[in-house]
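Engineer:
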Amino acid sequence: MDEPRIDLESLDPFADARYREAVLASVMYRARDELARRRERARLWGVLAQWARPALAAAAVAALISLVTLERTASMDEIAQTGVLEELGLPDRVAQLLIVDATPDESDIVLASWEDQ
Amino acid sequence: MRETDAELVALAREGDEAAFAELVRRYMRPAYLVALSQLGNDADAEDVSQDAFLIALRQLDTCRNPDRFGSWFLTIVRNRARNFRRDRSTREGVPIEDALGLAARGDTSHGAEVGELRGRLLEALKHLTPTQREALLLFDVEGLRHAEIGERLGISEGNARYHVFQARRRMRELLGPVHEEG
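Taken in order, these protein sequences are the chains called L and B. In terms of the working numbering, the first sequence opens at residue 1 and continues consecutively. In terms of the working numbering, the second sequence opens at residue 1 and continues consecutively.
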């Protein structure tokens, strides 16, 4: 299955070097803004990539400080609660019932009054 | 060493002018031929093929397989040409002859004889289907192989061969034996 080739060279304007250069110049002129935008975007990504490692390290330090602070705050709450109960002079058994928020039964009250004496 | 399309695409994505210019050099002729095959008019084909480069640059991040940039890009050209045909009012830009300060191509250094031949070829091409025109131009002007044409048209190699065969036969009927080459 073959047909003789037809000479279509006259349909090819790109055989002319001046034409090729004119097309190239025209496209590149119209593409200049988009290329500039892409260069700027690439530059910003480059800067962000340079920051990535130090920023991650800083985030890790901040997280560590936050954890330590939270731990310490929780401990101080416990200390403060114990201190109030001691100031009220409640018997240990009653104080424990208050801390766990439990309702005392009769035996608890008897034992508490006995301890208080 | 000649850079691959994928390397050029990666650089062009970052705004590298030289890389994008090289892509334009590589694909300006096939883009023009695909547009010409769709439109049958060289001034419109110039506009559409140039617009397609700008569309491709804006959409470069969506080119998932940069190794196959050629197929991806020529699809943009084809779609742009179809849209252009539907809405000729979107046309913009100046034909290259005007940019060069030349007269109509028939009267350029190619000479009036070439202009006449060109006119006859363009007229004959109108009698082919768009696929036949594209296959013929990519094969006989751009020098692509049947497999490459098939890939770019989304058809099999055998189908591409068939379209080239049919296109040549039809052109020969329309033009007569004077245009045949060995």
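Backbone N, C-alpha and C define an ideal beta-carbon position, used for all residues, glycine too.
1) Is the Cβ of B:A35 closer than 8 Å to any Cβ of chain L?
2) B:V48 and B:A81 - do their beta-carbons sit closer together than 8 Å?
3) Would you say the region 122 to 131 of chain B touches the region 158 to 177 of chain B, given that touching needs at least three Cβ pairs under 8 Å?
4) Who are the near neighbours of B:A135 in its chain, counting only those whose CB is closer than 7 Å to its CB and skipping five residues on each side?
5) What's the call for L:A15, buried or exposed, on a 16-neighbour Cβ count within 10 Å?
6) Can you pull the chain B neighbours of L:V47, defined as C-beta to C-beta under 7 Å?
7) How about B:A45 and B:A56: do their beta carbons lie closer than 8 Å?
8) With B:I155 as the anchor, note down where its alpha helix (DSSP H) starts and where it stops.
9) Using the C-alpha atoms, what's the distance from L:A55 back to L:L48?
10) Rounded to a whole number of angstroms, what is the C-alpha to C-alpha distance between L:A58 and L:Q50?
11) Please classify B:P30 as buried or exposed, where buried requires at least 16 neighbouring CB atoms within 10 angstroms.
12) Suppose contacts are defined by Cβ-Cβ distances below 8 Å. Is B:F270 in contact with L:L35 by that definition?
13) Does DSSP put L:P13 in a helix, a strand or coil?
14) Could you round the C-beta distance between B:L60 and B:R13 to whole angstroms and report it? I think they count as a contact, below 8 Å.
15) Taking the CB atoms as reference points, tell me whether L:A31 and B:F53 lie closer together than 8 Å.
16) Buried or exposed: where does L:L70 fall if 16 or more other Cβ atoms within 10 Å of its Cβ makes it buried?
17) Flag B:L144 as yes if its beta-carbon sits less than 8 Å from any beta-carbon of chain L, otherwise no.
18) Are L:L8 and B:L121 close, meaning C-beta to C-beta below 8 Å?
19) So, are the CB atoms of B:R170 and B:S37 less than 8 Å apart?
20) How long is the line joining the alpha carbons of L:D92 and L:E106, rounded to whole angstroms?
21) Can you give me the C-alpha to C-alpha distance between L:R38 and B:L125, rounded to a whole angstrom?
22) Measuring alpha carbon to alpha carbon, tell me which residue in B:L8, B:D16, B:V24, B:R118 is nearest B:L74.
23) Using three-state DSSP, classify B:G40 as helix, strand or coil.
24) Taking all protein chains shown into account, decide if L:Y29 is buried (16 or more other Cβ within 10 angstroms of its Cβ) or exposed.
25) Using a Cβ-Cβ distance under 8 Å, would L:L35 count as near chain B?
26) Enumerate in chain order the residues of its own chain whose CB-to-CB distance from B:V141 is below 8 Å, with the five nearest sequence positions on each side excluded.
Structural biologist: For this structure:
1) Chain L contact via Cβ: absent.
2) In this structure, B:A81 sits near B:V48, with a CB-CB distance shorter than 8 Å.
3) Yes: at least three Cβ pairs fall under 8 Å.
4) The beta carbon of B:A135 is closer than 7 Å to those of I149, L153, A160, H163, V164, A167 in its chain, skipping five residues each way along the sequence.
5) Exposed is the call here.
6) What L:V47 touches in chain B, judged by beta-carbon distance under 7 Å, is nothing: the nearest beta carbon there is about 14 Å away.
7) The answer is no: Cβ separation not under 8 Å.
8) Premise fails: B:I155 is in no alpha helix (DSSP H) and is neither H nor E.
9) Each residue's alpha carbon lies about 10 Å from the other.
10) Near 14 Å, if we compare the C-alpha coordinates of L:Q50 and L:A58.
11) With 16 or more neighbouring CB atoms inside 10 Å of its own CB, B:P30 falls in the buried class.
12) Only positions 1 to 182 of chain B appear in the structure, and residue 270 of chain B is not among them; the question remains open.
13) It is helical.
14) So it is a contact: roughly 5 Å between Cβ atoms.
15) Yes, Cβ-Cβ distance for L:A31 and B:F53 is below 8 Å.
16) Answer is exposed; the Cβ neighbour count stays below 16.
17) At a cut-off of 8 Å between beta-carbon atoms, B:L144 makes no contact with chain L.
18) Yes, Cβ-Cβ distance for L:L8 and B:L121 is below 8 Å.
19) Not closer than 8 Å, so no.
20) Cα to Cα, the separation comes out at about 16 Å.
21) L:R38 and B:L125 have their C-alpha atoms spaced approximately 40 Å apart.
22) Its Cα nearest to that of B:L74, the residue B:V24 stands out among B:L8, B:D16, B:V24, B:R118.
23) When DSSP states are grouped into helix, strand and coil, B:G40 belongs to the coil group.
24) Counting other Cβ atoms within 10 Å of its Cβ, L:Y29 stays below 16 and is therefore classed as exposed.
25) Interface residue, yes.
26) Excluding five sequence positions before and after B:V141, the CB atoms of its chain that fall closer than 8 Å to its own CB belong to R29, L33, given in chain order.
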